[in-house]
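Quick note: the first sequence uses my numbering, first residue 1475, plus one each step.
Ideal Cβ placement from N, Cα and C applies to all residues, glycine included.
Nothing here was measured: the structure is a model prediction, and the numbers come from that model.
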Amino acid sequence: MPELPEVETVARGVNERVRGDRIAEVWFSSHTQPFKTPPAGQAEGLEGRIILAVRRVGKHIVCDLGGRDVAGEEQPEAQWIVHLGMTGRLLVTTPDGDVAPHTHARLRLTSGREIRFVDPRRFGRLEYRELAVAKEFFGPGVEPTTVDPDVFAGLFKGRKLAIKAALLNQTILHGVGNIYADESLFRAGIRPKRMAGRLKKAELLKLRVALQDVLQHAIQLGGSSVSDYVDANGVKGFFQLEHRVYMRTGQPCLVCGTPIQRIVLAGRGTHFCSVCQQ
DNA sequence: CATTTCACCTGGTGGC
DNA sequence: TGCCACCAGGTGAAAT
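If you want it as structure tokens, here you go:
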């Protein structure tokens, strides 16, 4: 599942290859699902614009777009916002490459490259914003990689839900999904079902460090390739080899040897060590 | 308002 | 071998 480290990897890869390029022609599939803005409007808005930058905001990929007549170094006039959902891929390809099944967007660039959005399950989202009429996209919650310790601890004050559910709530903290929620809670030694508002400040501070460490390490390894995640160049990540609890049900805890347990929490498979996490 | 549940999707898996 | 019910999970709407 693309979470913060995977989305960061994709955004960096796309940025490196298309920054400064210009969108020449756009094609969209006829499905309704991945489109938050109607495809016709997106195509009209995108064509002719220069790509100023591609970056990550939470789990979203934001393409900052400039005008049609000027050549870079200007303020963004529009944004193309991509969410990968469960199975989305954002790829930079040559125009003659085979078009994968479930391709929903093709952006032909003046350099000859193409940006393609492929998403079998169609949980992804494509949105276009004209900044003259819509506000800039900032993401729904607090950015976990840079959040201040006191701000992080304050996010959970008075919350009457499980800490794992709180970590997954994008309006509290954005970018964390099922893998990194489980992995950070293991590394912090906290049970996923502990009530968020009842955690001691020391535990929350430890959780912040664990979360930032695991996210940073995962970004360094190009993310976790479970199911079918690949980066902008179609290359898999390696952080799945570093998972200590996620999808390790029944296998021995790497610290104490106790079999890893799996429960369902907040509707999600949740993995933890009943000895190391209290 | 805060929190929980469920629908949206398709490919892969496991049971018979 | 073939078929099919079932599950995975990010998000947002609906329910509680």
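Helix, strand or coil: which one does DSSP assign to ALA1706?
ALA1706 sits in coil when the DSSP states are folded into three classes, being neither helix nor strand.
Should the region 1619-1638 be regarded as contacting the region 1676-1692, the criterion being three or more beta carbon pairs within less than 8 Å?
Taking one beta carbon from each stretch, the region 1619-1638 and the region 1676-1692 have 3 or more pairs nearer than 8 Å; the two touch.
Straight-line CA distance for GLY1519 to LYS1609?
Roughly 16 Å separates the two Cα atoms.
Within 10 angstroms of the Cβ of HIS1505, are there 16 or more other Cβ atoms? Answer buried if so, exposed if not.
Looking at its Cβ environment, which holds fewer than 16 other Cβ atoms inside 10 Å, HIS1505 is exposed.
Cutting at 8 Å between CB atoms, please list the residues of its own chain near LEU1605, excluding the five before and the five after it.
Cβ neighbours of LEU1605 beyond the five flanking positions: PRO1550, GLU1551, ALA1552, GLN1553.
Enumerate, from N- to C-terminal direction, the unbroken beta strand (DSSP E) stretches of 3 or more residues contained entirely within the region 1546-1577.
If only uninterrupted beta strand (DSSP E) runs of at least 3 residues are considered, those enclosed by the region 1546-1577 are 1552-1557, 1563-1567.
Given GLY1649 as reference, the closest of GLY1532, GLY1615, GLU1480 once Cα atoms are compared:
Of the candidates GLY1532, GLY1615, GLU1480, GLY1532 places its Cα closest to the Cα of GLY1649.
Determine the DSSP secondary structure at GLN1735, reduced to helix, strand or coil.
GLN1735 falls in the strand class under three-state DSSP.
Taking only three categories from DSSP, how would you classify VAL1729?
Coil, per DSSP.
With burial defined as no fewer than 16 other Cβ atoms inside 10 Å of the residue's Cβ, what is the status of GLU1482: buried or exposed?
Buried, because 16 or more other Cβ atoms sit within 10 Å of the Cβ of GLU1482.
What does the Cβ neighbour count give for CYS1727, buried or exposed, with the cut at 16 atoms within 10 Å?
So CYS1727 ends up on the buried side.
In this structure, what does DSSP give as the bridge partners for GLY1743?
In the DSSP output, where bridge partners are listed per residue, GLY1743 has VAL1738.
Answer with buried or exposed for ARG1457, where buried requires no fewer than 16 other C-beta atoms within 10 angstroms of its C-beta.
One cannot answer for residue 1457 here, as it falls past the ends of the chain, which runs 1475 to 1752.
The alpha helix (DSSP H) enclosing VAL1481, as first and last residue numbers:
Taken as a continuous stretch (DSSP letters only), the alpha helix (DSSP H) holding VAL1481 covers 1478-1492.
Compare the Cα-Cα distances from GLY1522 to each of ASP1543, GLN1507, ARG1530, ASP1656 and report the closest residue.
Ranked by Cα distance from GLY1522, the first of ASP1543, GLN1507, ARG1530, ASP1656 is ASP1543.
Select from GLU1548, GLY1697, THR1511, THR1567 the residue whose C-alpha is nearest the C-alpha of VAL1556.
Nearest option by C-alpha distance: THR1511.
For LYS1710, collect the residues of the same chain with a Cβ closer than 6 Å to its Cβ; drop the 5 residues on either side in sequence, then sort them by chain order.
For LYS1710, where only same-chain residues beyond five positions count, the Cβ hits under 6 Å are SER1699, VAL1704.
Taking the alpha-carbon of LEU1600 as reference, which of PHE1502, ILE1734, GLU1547 has the nearest alpha-carbon?
Closest by alpha carbon: PHE1502.
Count the C-beta pairs between the region 1556-1566 and the region 1583-1596 that are closer than 8 Å, then say yes if the count reaches three, no if not.
A contact is defined here as three or more CB-CB pairs under 8 Å, and the region 1556-1566 meets this definition with respect to the region 1583-1596.
With a threshold of 16 other CB atoms inside 10 Å of the CB of LYS1675, please say whether the residue is buried or exposed.
Its Cβ having fewer than 16 others within 10 Å, LYS1675 is exposed.
With DSSP run on the structure shown, which of helix, strand or coil describes ASP1624?
When DSSP states are grouped into helix, strand and coil, ASP1624 belongs to the helix group.
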